[in-house]
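Undergrad: What follows is a single structure, and I will ask about it in a moment.
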Amino acid sequence: MRAVQITRFGGPEVLDVVDLPDPVPGDGRQLYEVSAAGVNFADTHQTEDSYLAPQQLPLVPGAEFVGHPAGGGERVVGLLEGGGYAEKVVANPRLTWPVPDAVTDEQALAVVLQGATAWHLLRTSAHLAAGESVVVIAGAGGVGSLAVQLARRWGAGRVIATASSPEKRALAEELGADATVDPALADDDPKTFAAALREANGGKRVDVVLEMTGGNVFDGSFSALAPFGRLVTYGMAARQETRPVAPGALLGTSRAVVGFWLAHCMGRPSMMDDAMTELLPLVADGALRPVGGGRYPLTAVREAHQDLLARRTTGKLVLDPSR
């Protein structure tokens with residue numbers, strides 16, 4: 010089968026399309042033929058070996074797929090521990106879900122990892138309450154574009170999104186953001202960014218921030234929190250060191266910092282079921298709009314990573330293993 014393999018760590022240049030033997034399913038696993046594989050920002054960390062879990066070479070990246078069981082069966086979307094950038098994958102059927110006919114491959118891939126992340130960020134980690142203000146960092150991205158819609162759907166009092174270009178800010182507002190902020194304001198001084206978030210919230214501090222950048226964006230977001238506010242951190246896109254939060258800064262202001270990694274939900278499949286059984290029907294009914302970011306041939310995987318790293322994309326990126 011054709012697959013993308015990494016034999017050395019680095020940037021997009023280490024992604025090589027090669028021929029590999031078909032994977033062999035072990036106990037409790039199933040072989041699937043892949044029609045589309047999802048690309049996530051975390052994959053760029055995996056390529057560099059700069060993410061949460063250390064990587065071992067050689068490896069085939071990719072944590073999600075849409076496909077059919079080998080030999081026939083219904084179309085499913087599933088999560089993987091790796092190996093998704095390929096024509097065939099081995100997956101745990103417990104971490105697959107039937108895809109409704111009205112949902113495209115791209116939409117299903119947007120939901121299974123990024124949509125489930127947005128769902129748990131708001132419900133499980135932030136415990137969003139009706140009327141609270143929500144800041145979504147990277148509101149035009151894969152997770153952010155869905156989090157903006159879910160926050161609005163679940164009764165947020167005001168939704169504020171950050172996005173790096175006028176086009177992306179317009180998209181975030183189209184999806185339901187009441188106001189948008191340019192994250193570049195954090196480049197020189199996190200206090201300037203914090204002030205912009207408060208201004209976007211009518212001069213008041215914010216209740217919830219979903220943060221995936223780190224560095225100055227994290228610092229400014231934390232400074233903008235109201236008493237009892239929650240910052241949920243789920244990424245390190247800036248690849249910058251983030252200053253530790255001192256206990257006194259939490260105690261003295263009644264603020265919270267919560268970490269989230271979807272891998273822990275994969276270890277508790279019922280948590281994934283909670284998200285997927287709500288999200289897929291919403292997409293099928295047209296009530297939730299996953300944003301497509303482009304469908305790339307498997308042979309253009311380096312271009313997909315380059316576009317993602319350069320912030321040239323919005324929404325969900327997908328690889329087509331047939332091309």
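Using our numbering, read the sequence shown as starting at 10 and increasing by one per residue. Positions of the beta carbon are idealized from the N, C-alpha and C atoms, including for glycine.
Do residue 98 and residue 217 count as a contact pair if the criterion is CB distance below 8 Å?
TA: no
Undergrad: Check whether the segment 134-143 and the segment 162-174 are in contact - that is, three or more C-beta pairs closer than 8 Å.
TA: yes
Undergrad: Under 8 Å Cβ to Cβ from residue 100, same chain only, skipping five residues before and after it: list those, please.
TA: Within the same chain, residue 100 has close Cβ partners 38, 39, 41, 74, 87, 88 and 89.
Undergrad: I think residue 104 touches residue 275, with their Cβ atoms under 8 Å apart; what is that distance to the nearest whole Å?
TA: Between residue 104 and residue 275 a beta carbon distance of about 6 Å is seen, short of the 8 Å cut, so the two are scored as contacting.
Undergrad: Could you say which of 91, 15 and 229 lies nearest to residue 251 if we only look at CA atoms?
TA: 229
Undergrad: Are the beta-carbon atoms belonging to residue 96 and residue 12 less than 8 Å from one another?
TA: For residue 96 and residue 12, yes; Cβs fall inside 8 Å.
Undergrad: Less than 8 Å between the beta carbons of residue 320 and residue 24, yes or no?
TA: no
Undergrad: So, are the CB atoms of residue 53 and residue 314 less than 8 Å apart?
TA: yes
Undergrad: Is the number of C-beta pairs between the segment 293-304 and the segment 126-139 that are closer than 8 Å three or more?
TA: no
Undergrad: Quick check on DSSP: helix, strand or coil for residue 14?
TA: strand
Undergrad: Using a Cβ-Cβ cut-off of 6 Å (strictly less than) and excluding sequence neighbours within five positions of residue 203, which residues of its own chain qualify?
TA: Cβ neighbours of residue 203 within its own chain (closer than 6 Å, five residues either side excluded): 229, 232 and 233.
Undergrad: Of the residues 294, 291, 293 and 245, which one's Cα is nearest the Cα of residue 50?
TA: 245
Undergrad: Assuming residue 151 and residue 123 make a contact with CB atoms under 8 Å, what is their CB distance in whole Å?
TA: 4 Å
Undergrad: Within 10 Å of its beta-carbon, does residue 190 have 16 or more other beta-carbons around it, so buried, or fewer, so exposed?
TA: buried
Undergrad: Using a 10 Å radius around the Cβ and a threshold of 16 neighbouring Cβ atoms, would you call residue 183 buried or exposed?
TA: exposed
Undergrad: Report yes if the CB atom of residue 71 is closer than 8 Å to the CB atom of residue 93, and no otherwise.
TA: yes
Undergrad: What are the start and end residues of each continuous alpha helix (DSSP H) run of 4 or more residues lying completely inside the segment 275-331, in chain order?
TA: 278-293 and 310-318
Undergrad: Taking residue 107 as part of the beta strand (DSSP E), name the residues at either end of that continuous run.
TA: 105-107
Undergrad: Tell whether a beta-carbon distance below 8 Å holds between residue 177 and residue 323.
TA: yes
Undergrad: Output yes or no for whether 8 Å exceeds the beta carbon distance between residue 121 and residue 285.
TA: yes
Undergrad: Count the other C-beta atoms from every protein chain shown that fall within 10 angstroms of the C-beta of residue 237, then say buried if there are 16 or more, exposed otherwise.
TA: By the neighbour-count rule (16 or more Cβ atoms within 10 Å), residue 237 is not buried but exposed.
Undergrad: Going by the DSSP bridge assignment, what does residue 28 pair with across the sheet?
TA: DSSP, once it has assigned bridges, lists 11 as partnering residue 28.
Undergrad: Could you please give the first and the last residue of the uninterrupted beta strand (DSSP E) stretch that includes residue 191?
TA: It is not in any beta strand (DSSP E) - residue 191 carries neither H nor E in the DSSP assignment.
Undergrad: Would you give the residue range spanned by the alpha helix (DSSP H) that residue 129 belongs to?
TA: 125-129
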